[in-house]
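In what follows, a structure is listed as structure tokens, so that the remarks can point back to it.
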Amino acid sequence: MTGGENLEPDAAPASANADEARPARSLRAEKRDLIALGLAAAAIIMFVGTGGRMVSQFVRNIITDGANSVDPMVASTLLLNVALIIFIMRRHTDLTREVAERRKAERRARQLADIDPLTGCLNRRSIAPATDQLVGEANRSRRGVAFIMIDLDNFKQVNDLHGHQAGDEILMQVASRIRALMPRDALLARLGGDEFAIVQSYDRMLPERIDQFVTRIIDSVAQPFNLDCGAIEITMSVGIAADRDDFSVPGERYDAQALIHKADIAMYEAKKQGKNRHFWFEAPMENELRFRGQLESAIRSGVKDGEFVPFYEQQVDLETGELVGFEMLARWLSPEHGIVSPDVFIPIAEEIGVIGELSEGLIRQAFKDANEWDPALTLSVNISPVQLRDPWFSQKILKMLVESGFPAERLDLEVTESCLHENIGVVRSMITSLKNQGVRISLDDFGTGYSSLAQLRSLPFDRIKIDRSFVSDIGEDENGAKIINAIISLGDGLSMPITAEGIENDSILTALRKMGSMKGQGYHYGMPENATAVRERLQAAGRIVERATEQDAAGAIPEERKSRA
Ligand code: C2E
Ligand code: CA
Ligand code: CA
13 MTGGENLEPD AAPASANADE ARPARSLRAE KRDLIALGLA AAAIIMFVGT GGRMVSQFVR
73 NIITDGANSV DPMVASTLLL NVALIIFIMR RHTDLTREVA ERRKAERRAR QLADIDPLTG
133 CLNRRSIAPA TDQLVGEANR SRRGVAFIMI DLDNFKQVND LHGHQAGDEI LMQVASRIRA
193 LMPRDALLAR LGGDEFAIVQ SYDRMLPERI DQFVTRIIDS VAQPFNLDCG AIEITMSVGI
253 AADRDDFSVP GERYDAQALI HKADIAMYEA KKQGKNRHFW FEAPMENELR FRGQLESAIR
313 SGVKDGEFVP FYEQQVDLET GELVGFEMLA RWLSPEHGIV SPDVFIPIAE EIGVIGELSE
373 GLIRQAFKDA NEWDPALTLS VNISPVQLRD PWFSQKILKM LVESGFPAER LDLEVTESCL
433 HENIGVVRSM ITSLKNQGVR ISLDDFGTGY SSLAQLRSLP FDRIKIDRSF VSDIGEDENG
493 AKIINAIISL GDGLSMPITA EGIENDSILT ALRKMGSMKG QGYHYGMPEN ATAVRERLQA
553 AGRIVERATE QDAAGAIPEE RKSRA
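Numbering (our numbering), first residue to last: 13 to 577.
In structure tokens form, the structure reads like this:
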């Protein structure tokens, strides 16, 4: 089997369904053909019979000089017969043409089921049997087979920015660039979306040939695509699996399903390592993926079981040293993994779509905790960019405020610069509606992203938080101090007060205090603590309010704010 042949629609592997459907329909047609043929045969026999009699009567008529006239009955039977034969012959020709057309349509339907209509490559369904066949053939000729899984990087952005037509154009051109570099005995499939696969036999002694081949493809696809909407650049992540490796049973080859699974894992590794690269499958990758899968399901069940709890970090007015509020920081108290950092579980929760539920649970708990604190203390909460994509986000926050009786004025939402790259119009209206209710919004981790000044000015932030990476350098590094000074003057210009994070020691604190008035937080003031520890700390400082019952607390919400939410 050769790649060229397989990519030709005619040689595509047959579809099981089309094959099942075909005999039934063909059988019916053939039966009809048989009946027509039978009738034709009968007509011909009759024709021969009546024709014979008619001819002898005719001859006799000539010999006897018209004394014996032709039997009119025989003559009309003969004429009828001729008409019948002509009719049946024509019917037979029609039927033959019909059958031929139907066969063509069936073949076309089969091809459609096997071939990706956009790119003309094989599709996910047909690549598996074609791969198994290639593996079988390579086995006989003692060669190896490499399954090369390709996923375009950030293809969704192309679709979002330039439209689906541009996306389709890119997919077609990617396929043709790959095809131009493929050896004849290779298979090319589009597995769906922006995912392609190449299956190719190779000399097992020379696996580097596959690396070279893949590098050529990555380089070729990296050349800009010139579309009507402008030049678009695309990179790709590639995972490769061999049909036999150190882990396979001796003498056994992986089948198509196993190859797809392994190549997919290697491709995922390429994505994880920064995209635009390729990896061969290795067993440890699978363990890591399995661990990741376990982590995902543990996070899902942890959200349901309330394993995520708020910790609180003090925020202080640097000038007076007075405690002004807390930043809530999520912690996962996992029965299996112990206390897990949000840097580990937040990105996974975002990816698997549970960040909203997780965050809402934490916020509800934090409102409850903070309701017991001195009402002068604020509560800062981190919000993921994923949550800002939820059109109901502001309503959800306002509902929680009303339900818990927590004053909107005490709440400060921290959003990062990455939210500015999302749909800025939607983010702006969401922020505005929250601000109208009294909630404040801070721009977190300022300086680590790449927000433009224009964006910063167009969004009504109340505060800028300087990322701790600049603050912790301040003692040793002159540049750190320069950057902080620049951010402080930016904040002054935009009338946005500053919070500095990552104050770890006295010398950082002293340096910051010289730069201007601001709020600050960091391990210098203590590590983030759980609700009980915070309550004890505040109790000691006389900053806990004793509320009679929760109902009283709810009753304390002004009617006006209830109706606004
Ligand atoms: P962040 O918003 O920058 O939070 C501050 C992080 O810096 C916290 O890490 C805190 O423990 C740490 N930190 C505080 N003071 C110091 C210091 O003096 N030195 C150093 N080196 N680090 C300090 P944490 O708690 O591990 O949180 C990490 C990140 O996870 C947070 O960064 C925030 O972006 C995210 N995060 C935490 N909780 C949530 C949450 O509920 N929702 C969302 N979406 N993200 C959260
Ligand atoms: Ca933060
Ligand atoms: Ca930060």
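C-beta atoms are modelled at their ideal positions from N, C-alpha and C, and glycine is treated no differently.
To the nearest angstrom, how far is it from the Cα of residue i to the Cα of residue j?
i       : j       : result
His-176 : Leu-239 : 13 Å
Leu-391 : Arg-422 : 6 Å
Ala-57  : Leu-107 : According to the sequence provided, residue 57 is Ile. The question's Ala does not apply to it. Answer to the nearest angstrom: the Cα atoms are 22 Å apart.
Ser-188 : Gln-285 : 27 Å
Gly-528 : Val-328 : 14 Å
Leu-370 : Gly-305 : 18 Å
Val-186 : Arg-216 : 28 Å
Val-483 : Ile-496 : 7 Å
Leu-335 : Ile-230 : 55 Å
Glu-118 : Leu-134 : 18 Å
Gly-532 : Leu-330 : 6 Å
Ala-36  : Arg-115 : Its pLDDT being 46, under 50, Ala-36 is placed unreliably in this model, and the value from its coordinates should be taken loosely. Rounded to the nearest angstrom, the two C-alpha atoms are 12 Å apart.
Ala-95  : Arg-122 : 40 Å
Leu-425 : Gly-503 : 18 Å
Ser-481 : Val-321 : 26 Å
Val-557 : Ala-420 : 18 Å
Gly-156 : Phe-473 : 59 Å
Ile-139 : Glu-220 : 24 Å
Ala-254 : Glu-308 : 28 Å
Ile-515 : Pro-347 : 32 Å
Arg-517 : Ser-260 : Reading off the sequence shown, one finds Asn at residue 517, where the question assumed Arg. Rounded to the nearest angstrom, the two C-alpha atoms are 55 Å apart.
Arg-196 : Ile-360 : 42 Å
Leu-345 : Thr-511 : 29 Å
Gly-437 : Phe-237 : 29 Å
Leu-130 : Arg-401 : 31 Å
Gln-145 : His-174 : 39 Å
Asn-394 : Lys-168 : 27 Å
Arg-302 : Pro-296 : 10 Å
Ala-209 : Arg-202 : 6 Å
Ala-388 : Leu-521 : 23 Å
Gly-314 : Tyr-535 : 28 Å
Gln-407 : Asp-381 : 21 Å
Please list the terminal residues of the continuous alpha helix (DSSP H) segment that includes residue i.
i       : result
Tyr-280 : 268-284
Gln-377 : 367-382
Val-356 : 354-363
Ser-484 : Taken as a continuous stretch (DSSP letters only), Ser-484 belongs to no alpha helix (DSSP H), as it is neither H nor E.
Phe-303 : 295-317
Ile-520 : 518-527
Ala-543 : 543-552
Could you tell me how far apart the beta carbons of residue i and residue j are, in whole angstroms, since I believe they sit closer than 8 Å?
i       : j       : result
Leu-164 : Asp-128 : Actually they do not touch by this definition, with Cβ atoms about 15 Å apart.
Asp-479 : Phe-458 : 6 Å
Ala-278 : Gly-251 : 3 Å
Lys-283 : Ser-249 : 5 Å
Arg-555 : Asp-386 : 4 Å
Gln-212 : Ile-162 : Incorrect: roughly 12 Å between the Cβ atoms, too far for contact.
Ile-409 : Val-439 : Ile-409 to Val-439, Cβ: 14 Å. No contact.
Tyr-537 : Gln-326 : 5 Å
Ala-178 : Ile-244 : 7 Å
Lys-274 : Tyr-266 : 7 Å
Glu-513 : Lys-477 : 6 Å
Ala-466 : Ala-493 : Not a contact, Cβ separation roughly 27 Å.
Since residue i is in the beta strand (DSSP E), which residue starts that stretch and which ends it?
i       : result
Ser-346 : 335-346
Ser-584 : Limits of the chain in this structure are 13 at one end and 577 at the other, which puts residue 584 out of reach.
Leu-471 : Where Leu-471 is concerned, there is no enclosing beta strand (DSSP E), given that its DSSP letter is neither H nor E.
Asn-394 : 390-395
Glu-619 : Outside the displayed span of the chain (13 to 577) sits residue 619, for which this structure offers no information.
Ile-510 : 510-512
Pro-322 : 320-329
His-290 : 290-292
With a threshold of 8 Å between beta carbons, is residue i in contact with chain D?
i       : result
Glu-281 : Absent here is chain D; the protein component of the structure consists of one chain.
Restricting to runs no shorter than 3 residues, where is the beta strand (DSSP E) found entirely within the segment 178-258? Entirely contained in the segment 178-258, the beta strand (DSSP E) runs reaching 3 residues are, in chain order, 199-204, 207-214, 237-239, 242-244, 248-254.
Exercise for the section: Using the beta-carbon of each residue, find all residues closer than 6 Å to any heavy atom of ligand 2 and list them in chain order. Expected result: Sorted by chain position, residues whose beta-carbon lies closer than 6 Å to a non-hydrogen atom of ligand 2 are Glu-339, Asn-394, Glu-426, Asp-456.
Ignoring anything shorter than 3 residues, give me the beta strand (DSSP E) runs that lie fully in the segment 417-452, in order along the chain. Correct list: 423-428.
Start-end ranges of the alpha helix (DSSP H) lying completely within the segment 112-178, minimum 4 residues:
Entirely contained in the segment 112-178, the alpha helix (DSSP H) runs reaching 4 residues are, in chain order, 136-152, 167-174.
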